[in-house]
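Going left to right, the sequence shown walks through residues 16 to 153 as the numbering used here numbers them. Have a look at the structure below, then the notes.
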Amino acid sequence: MKNIILSIVLGVMCMSCCSNKYVAANISGDWKIDNVLDIQVNASEEEIPFISFQSNESRFYGTTGCNSFFGEFKTTDNKNEIMLTNVGSTKKLCIDMTTEDAIFSAMSQVASVEYNNEEMQLLDINGNVVMKLSAIKK
C-alpha cells in the first residue's frame with residue numbers, strides 16, 4: 016500500500032515538474048492604450064493605439080498608432096504574472112515616435128496584469144503601472 020501511494024505521489028510530482036507552468040489568462044479582447052509610462056495617449060479615431068489579446072493562442076497584436084506589432088504572452092497561475100515575448104513590428108517612419116517608443120519600452124517591462132471587464136493595468140516587476148488599457152466595446 017505504501018508503494019502505491021508513493022508511486023502516485025511521485026507520479027504527480029513528476030508531471031507537475033515536467034509540465035509547462037504557463038497558462039493563458041482570460042484577458043482576451045481588444046484594449047485601447049490610454050496611458051503608457053505616464054504619458055497620456057491622445058490619438059485620432061483613425062490611429063487609436065490598441066492591443067488585442069487572444070488567450071486561446073497566447074498571442075497578441077495591435078498598433079502603436081503608426082506601426083503594427085505582434086507577439087506571444089505567457090501567464091502563470093501565480094499573482095497574475097504575464098510576460099510579453101517574441102515581439103515584432105512593422106518599421107514605418109512615424110512623425111512622432113514618443114508614444115511608439117513608450118509602448119515598446121513598456122512592453123519589455125511588463126511582469127503582471129490587473130484587469131476586469133472594463134480596464135486593464137500592465138505592471139512592471141515592482142508593481143508600477145506601465146500601461147493602462149480600457150476595453151474596446153464592439
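For every residue, glycine included, the Cβ atom is placed at its ideal position computed from N, Cα and C.
Three or more C-beta pairs closer than 8 Å, one from the stretch 86-99 and one from the stretch 49-65: is that the case here?
With the rule of 3 Cβ pairs closer than 8 Å, the stretch 86-99 does not count as touching the stretch 49-65.
Residue ranges of each beta strand (DSSP E) run of no fewer than 3 residues wholly in the stretch 43-72, ordered along the chain?
Correct list: 44-51, 65-69.
Can you find a heavy atom of the ligand NAD that lies under 8 Å from the Cβ of Asn141?
Inclusion of the ligand NAD in the displayed structure is not the case, the ligand content being empty and no account of it being possible.
If we call anything under 9 Å between Cβ atoms a contact, is Phe85 one with Ser104?
Against the sequence shown, residue 85 aligns to sequence position 70. Against the sequence shown, residue 104 aligns to sequence position 89. In terms of Cβ geometry, Phe85 and Ser104 form a close pair [threshold 9 Å].
Gly142 by DSSP, collapsed to three states: which one?
In the sequence shown, counting from the first residue as 1, residue 142 sits at position 127. Residue state, collapsed to three classes: coil.
Separation of Ala117 from Cys109, as counted between CA atoms:
Position 94 of the sequence shown, counted from the start, is the residue given in the question as residue 109. Position 102 of the sequence shown, counted from the start, is the residue given in the question as residue 117. The straight-line gap from Cα to Cα measures roughly 13 Å.
Tell me the DSSP secondary structure of Ala117 in three-state form.
Counted from its first residue, the sequence shown places residue 117 at position 102. Under the three-state reduction of DSSP output, Ala117 falls in the helix class.
Element boundaries [beta strand (DSSP E), containing Thr79]
Taking the sequence shown and counting its residues from 1, one reaches residue 79 at position 64. That residue, Thr79, is in no beta strand (DSSP E); it is neither H nor E in DSSP.
Which of helix, strand or coil DSSP assigns to Met98:
On the sequence shown, position 83 is the one that residue 98 refers to. Strand at Met98.
Please report how far the alpha carbon of Phe68 lies from the alpha carbon of Thr113, in whole angstroms.
As a first step, residue 68 is located in the sequence shown; it is residue number 53 there, counting from the start. As a first step, residue 113 is located in the sequence shown; it is residue number 98 there, counting from the start. One C-alpha to the other measures close to 23 Å.
Please state whether DSSP places Met122 in a helix, a strand or coil.
Along the sequence shown, read from residue 1 onward, the residue named residue 122 stands at position 107. It is helical.
Sort Lys106, Ser73, Ser70 by Cα distance to Gly80 and report the nearest one.
Your numbering for residue 80 matches position 65 in the sequence shown. Sorting Lys106, Ser73, Ser70 by C-alpha distance to the C-alpha of Gly80 places Lys106 at the top.
Closest to Thr90 by CA distance: which of Val128, Ile140, Gly142 is it?
Taking the first residue of the sequence shown as position 1, residue 90 is located at position 75. In terms of CA proximity to Thr90, Val128 leads the group Val128, Ile140, Gly142.
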